[in-house]
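Following our numbering, the numbering of the sequence shown begins with 197 at its first residue and continues without gaps. A virtual CB, placed ideally from N, CA and C, is assigned to each residue, including glycine. To start, the structure itself, in structure tokens.
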Amino acid sequence: MKEWSHSGQNHIIIGVDIGTSGTKAIAYTREGKVVANTYMSYNPVSRQPDYHELDPEVLYNAVITCIERTAQQVITLAGTFAGISFSAAMHSLIAVDAGGQPLTNVITWADARSAAYAETLKQSPAGREIYRHTGTPIHPMSPLCKIMWFRHHEPAIFAATHKFISIKEFIFHRLFQEYLVDFSIASATGLFDIFNNTWYEPALAAAGISPARLSRPVPATYVLRGLKRPCPEQLELVADTPFIIGASDGCLANLGSHATQPGDLSVTIGTSAAVRMMASQPAWDKQERIFNYILTNERYVSGGAINNGIVLLKWYTEHFLHKPFASAKDLAAFVEQAAQAPAGADGLLFLPYLLGERAPIWDAVAKGVFFGVHAGHTQAHFMRAIIEGINYALYQVATSVQETVGTIQHIYASGGFINAPLWLQWLTDLFGKEIKVINNDDASSAGAAILGLQALDLLAGNLLMPEIHKPQHYVPDMAMHDRYHRYYAVYSGLYDKLKDDFYRLHKIRS
Numbered sequence: 197m198k199e200w201s202h203s204g205q206n207h208i209i210i211g212v213d214i215g216t217s218g219t220k221a222i223a224y225t226r227e228g229k230v231v232a233n234t235y236m237s238y239n240p241v242s243r244q245p246d247y248h249e250l251d252p253e254v255l256y257n258a259v260i261t262c263i264e265r266t267a268q269q270v271i272t273l274a275g276t277f278a279g280i281s282f283s284a285a286m287h288s289l290i291a292v293d294a295g296g297q298p299l300t301n302v303i304t305w306a307d308a309r310s311a312a313y314a315e316t317l318k319q320s321p322a323g324r325e326i327y328r329h330t331g332t333p334i335h336p337m338s339p340l341c342k343i344m345w346f347r348h349h350e351p352a353i354f355a356a357t358h359k360f361i362s363i364k365e366f367i368f369h370r371l372f373q374e375y376l377v378d379f380s381i382a383s384a385t386g387l388f389d390i391f392n393n394t395w396y397e398p399a400l401a402a403a404g405i406s407p408a409r410l411s412r413p414v415p416a417t418y419v420l421r422g423l424k425r426p427c428p429e430q431l432e433l434v435a436d437t438p439f440i441i442g443a444s445d446g447c448l449a450n451l452g453s454h455a456t457q458p459g460d461l462s463v464t465i466g467t468s469a470a471v472r473m474m475a476s477q478p479a480w481d482k483q484e485r486i487f488n489y490i491l492t493n494e495r496y497v498s499g500g501a502i503n504n505g506i507v508l509l510k511w512y513t514e515h516f517l518h519k520p521f522a523s524a525k526d527l528a529a530f531v532e533q534a535a536q537a538p539a540g541a542d543g544l545l546f547l548p549y550l551l552g553e554r555a556p557i558w559d560a561v562a563k564g565v566f567f568g569v570h571a572g573h574t575q576a577h578f579m580r581a582i583i584e585g586i587n588y589a590l591y592q593v594a595t596s597v598q599e600t601v602g603t604i605q606h607i608y609a610s611g612g613f614i615n616a617p618l619w620l621q622w623l624t625d626l627f628g629k630e631i632k633v634i635n636n637d638d639a640s641s642a643g644a645a646i647l648g649l650q651a652l653d654l655l656a657g658n659l660l661m662p663e664i665h666k667p668q669h670y671v672p673d674m675a676m677h678d679r680y681h682r683y684y685a686v687y688s689g690l691y692d693k694l695k696d697d698f699y700r701l702h703k704i705r706s
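Written out as structure tokens, the structure is:
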């Protein structure tokens with residue numbers, strides 16, 4: 197087997213993105229060309245209402261396997277294997293014992309069991325100060341609220357926990373025997389002071405923990421060299437390669453899709469979805485609708501995520517069409533059938549809150565609603581309403597971002613939905629602005645690779661790889677824009693009318 201060259205100019209870096217549905221490892225040249233990739237999916241292990249957990253060992257093995265297989269694909273290429281840089285989903289929580297063994301599964305952003313604690317804290321003066329200093333809206337997604345739940349509902353686990361960590365911290369501890377967390381992931385915990393890059397004492401007090409029970413915060417460009425011996429056999433090939441800790445998937449998606457300038461809005465639709473805008477400082481929202489997360493000390497990412505993206509298409513396909521939904525082909529087929537219905541789905545609106553909602557309402561007990569159903573509606577109308585409901589939810593968040601951060605000038609799209617051009621066109625029509633797709637691959641992995649190259653001093657200039665793909669441009673149909681906005685005017689008022697009823701239903705179910 198040919199060994200990696202550690203000299204020369206053809207630098208290759210692997211960007212690893214650890215997601216909620218799967219892990220990707222994509223190898224890039226310094227110029228941004230993809231030369232190899234691997235993807236492994238996994239499924240939730242919990243089926244209780246409001247619980248969403250993953251097996252930490254399954255995720256760890258997926259990460260190791262993706263790195264190994266991607267490295268093997270490019271082993272024969274001449275050049276320098278520069279490093280491995282990481283992106284990861286935000287808000288995950290694992291309790292580990294003094295030996296680093298997990299006491300819990302990975303509790304993901306979609307887990308809503310701590311809703312009652314989040315709601316109580318959110319309504320308090322302490323909650324408002326925590327939001328202001330940490331940049332994380334008070335919501336059951338955050339590790340802060342998850343730890344509060346454990347403290348009261350699983351006191352034995354809470355007492356036995358040596359560290360409360362994320363999935364990326366779990367993997368890095370396995371590989372390097374150090375508990376480290378990048379500022380970006382830390383800034384999404386609800387426990388981290390984004391102005392001072394330290395753990396925020398009032399948030400720790402609310403959780404009932406000390407800084408000793410959390411990892412040491414480090415910048416996203418922090419580099420570790422040399423895996424601890426013995427290292428996993430699968431990683432012998434990369435044992436001496438620099439590992440860059442990286443950042444969160446949302447912040448890196450902005451970087452990977454080139455949405456880095458003032459006025460650049462990144463729209464990502466994958467399992468969940470989000471809109472984000474970079475700024476040189478956090479943008480505090482008095483209405484607490486948006487988050488403020490760290491990429492680097494000079495770059496903050498403000499925006500909002502919604503819980504319900506492509507996961508809704510999967511839900512509808514499997515439960516109502518009784519078909520599998522597992523590939524880009526399945527996504528395209530769904531959108532094509534939805535296109536049989538007209539824009540606006542002939543008055544059928546959908547509140548896409550099946551998994552509760554994050555931005556801008558931050559309500560874990562909100563539920564999905566089809567509104568305006570009449571006898572003329574067909575399967576295609578319901579399918580189109582689902583897609584349009586996701587679009588309306590993102591537009592509502594984008595409005596909050598624009599009111600808080602600044603005017604939207606350019607829009608860049610990323611995520612699995614870019615494989616469905618019709619969906620991109622519908623979103624373009626709703627926003628009434630051109631949407632550009634810069635990166636046809638995974639934007640978060642690309643962002644990790646860019647950050648890694650910067651950390652290794654292999655990328656000069658504006659922190660962006662060249663645009664090696666010909667960008668795709670989607671131009672709005674303003675007649676469709678006007679039509680969508682008439683429907684959006686109704687959509688935007690539905691939640692406030694139904695909010696109290698969502699809570700009544702929640703209490704009945706409880």
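Do PHE487 and LEU509 have their C-beta atoms within less than 8 Å of each other?
Taking the first residue of the sequence shown as 1, we reach residue 487 at position 291. Taking the first residue of the sequence shown as 1, we reach residue 509 at position 313. Cβ atoms of PHE487 and LEU509: not closer than 8 Å.
Along the chain, which unbroken stretches of the alpha helix (DSSP H) at least 4 residues long are found entirely within the region 209 to 283?
252 to 269
Can you list the alpha helix (DSSP H) stretches of 4 or more residues lying completely in the region 528 to 552, in chain order?
none
Just verifying my parser: in three-state terms, what is the DSSP assignment at ARG679?
What you label residue 679 is simply residue 483 of the sequence shown in a count that begins at 1. Note: ARG679 maps to helix in three-state DSSP.
Give a yes or no on whether the C-beta atoms belonging to TYR736 and ASP460 are separated by under 8 Å.
Look at the range of the chain in this structure, 197 to 706, and you will see that residue 736 is not part of it.
Exposure of PHE282, with buried meaning 16 or more beta-carbon neighbours within 10 Å
Counting from one through the sequence shown, the residue named residue 282 turns up at place 86. It counts as buried.
Quick check on MET579: does DSSP put it in helix, strand or coil?
Along the sequence shown, read from residue 1 onward, the residue named residue 579 stands at position 383. Note: MET579 maps to helix in three-state DSSP.
Among SER288, ASP246, HIS358, which one has its Cα closest to the Cα of GLY295?
Here residue 295 refers to the residue found at position 99 of the sequence shown. Comparing Cα-Cα distances from GLY295 to each of SER288, ASP246, HIS358, the minimum goes to HIS358.
Only counting the same chain, and skipping five residues up and downstream in sequence, which positions put a Cβ closer than 7 Å to that of ASP625?
As a first step, residue 625 must be located in the sequence shown, where it is residue number 429. PRO672, ASP673, MET676, HIS677, TYR680.
On the three-state DSSP scale, how would you describe ILE423?
Start at 1 with the first residue of the sequence shown, and residue 423 comes out as number 227. It should be noted that the sequence gives Leu, not Ile, for residue 423. DSSP places LEU423 in coil when its eight states are reduced to three.
Suppose only complete runs of 4+ residues qualify. What are the alpha helix (DSSP H) ranges in the region 272 to 350, listed by chain order?
311 to 318, 321 to 330, 339 to 349
What distance in whole Å lies between the Cβ atoms of ALA644 and ASP213, which are believed to be in contact at a cut-off of 8 Å?
Walking along the sequence shown from the start, residue 213 turns up at place 17. Walking along the sequence shown from the start, residue 644 turns up at place 448. The pair is a contact, with the Cβ atoms about 7 Å apart (cut-off 8 Å).
With a CB to CB cut of under 6 Å and the five nearest residues on each side skipped, what residues in its chain are close to ARG347?
Here residue 347 corresponds to residue number 151 of the sequence shown, with the count starting at 1. Within the same chain, ARG347 has close Cβ partners PHE354, GLY404.
How many Å lie between GLY386 and SER338 at the Cα?
Mapped onto the sequence shown, residue 386 falls at position 190. Mapped onto the sequence shown, residue 338 falls at position 142. Going by the C-alpha atoms only, they are around 6 Å apart.
Reduced DSSP category for SER462 - H, G, I as helix; E, B as strand; rest coil
Taking the sequence shown and counting its residues from 1, one reaches residue 462 at position 266. Three-state result, SER462: strand.
Taking C-beta to C-beta, are SER310 and PRO336 nearer than 8 Å?
In the sequence shown, the residue the question calls residue 310 occupies position 114. In the sequence shown, the residue the question calls residue 336 occupies position 140. Yes.
Taking PHE372 and LEU431 to be in contact with their CB atoms under 8 Å, please state how far apart those CB atoms are, rounded to whole angstroms.
For the purposes of this step, residue 372 is taken as the residue at position 176 of the sequence shown. For the purposes of this step, residue 431 is taken as the residue at position 235 of the sequence shown. Incorrect: roughly 12 Å between the Cβ atoms, too far for contact.
Three-state secondary structure (DSSP) at PHE516?
By one-based count along the sequence shown, residue 516 stands at place 320. The answer is coil: DSSP assigns PHE516 none of H, G, I, E or B.
Is the number of C-beta pairs between the region 523 to 539 and the region 453 to 470 that are closer than 8 Å three or more?
no
Determine, using beta-carbon pairs with one atom in the region 210 to 226 and one in the region 623 to 641, whether at least three such pairs fall under 8 Å.
yes
Option in ILE502, ILE381, ASN450 with minimal Cα separation from GLY442:
The residue you call residue 442 lines up with position 246 of the sequence shown. Among ILE502, ILE381, ASN450, the Cα nearest to that of GLY442 belongs to ILE381.
Count the CB pairs spanning the region 318 to 327 and the region 269 to 280 that are closer than 8 Å, and state whether there are at least three.
no
Output needed for ASP246: all residues of its chain with C-beta closer than 6 Å, excluding positions within five of it in sequence on either side, in chain order.
Here residue 246 is taken as the residue at index 50 of the sequence shown, counted from 1. Within the same chain, ASP246 has close Cβ partners ALA308, ARG309.
In the DSSP assignment, what are the bridge partners of HIS207?
What you label residue 207 is simply residue 11 of the sequence shown in a count that begins at 1. HIS207 is bridged to THR276.
May I ask you to report which of helix, strand or coil DSSP gives ILE490?
Reading the sequence shown from its first residue, position 294 is the one you call residue 490. In this structure, ILE490 counts as strand in the three-state DSSP scheme.
Segments assigned beta strand (DSSP E), at least 3 residues, entirely inside the region 569 to 613:
606 to 610
Just checking, does the region 557 to 569 make contact with the region 691 to 702 on the three C-beta pairs under 8 Å criterion?
yes
Distance, Cα to Cα, ASP417 vs TYR588?
Taking the sequence shown and counting its residues from 1, one reaches residue 417 at position 221. Taking the sequence shown and counting its residues from 1, one reaches residue 588 at position 392. A small fix is needed here, since residue 417 is Thr in this sequence, not Asp. Going from the Cα of THR417 to the Cα of TYR588 covers about 36 Å.
Paired residues, beta bridge with PHE366 - DSSP:
Position 170 of the sequence shown, counted from the first residue, corresponds to residue 366. Bridge partners of PHE366: none, in fact.
Can we say the region 596 to 614 touches the region 477 to 492, given the rule of at least three CB pairs closer than 8 Å?
yes
Please state the DSSP three-state secondary structure of GLY499.
Against the sequence shown, residue 499 aligns to sequence position 303. Three-state result, GLY499: strand.
Taking the C-alpha atoms as reference points, what is the distance between ALA555 and HIS349?
In the sequence shown, residue 555 corresponds to position 359, counting from 1. In the sequence shown, residue 349 corresponds to position 153, counting from 1. Whole-angstrom Cα-Cα distance: 27 Å.
Between THR266 and MET236, is the Cβ-Cβ spacing less than 8 Å?
For this step, residue 266 is matched to residue 70 along the sequence shown. For this step, residue 236 is matched to residue 40 along the sequence shown. Result no, Cβ atoms of THR266 and MET236 do not sit closer than 8 Å.
Counting only the same chain and skipping the five closest in sequence on each side, list residues whose C-beta sits under 7 Å from that of ASP542.
As a working mapping, residue 542 is identified with position 346 in the sequence shown. Correct list, in chain order: GLY572, HIS573, HIS577.
Taking DSSP as the reference, what is the three-state secondary structure of HIS444?
One-based indexing of the sequence shown puts residue 444 at position 248. The residue you asked about is not His; residue 444 is Ser in the sequence shown. Looking at SER444 - three-state DSSP - the assignment turns out to be strand.
Along the chain, where does the beta strand (DSSP E) containing ASP625 start, and where does it finish?
In the sequence shown, the residue the question calls residue 625 occupies position 429. From DSSP, ASP625 is part of no beta strand (DSSP E) but of the alpha helix (DSSP H) over 617 to 627.
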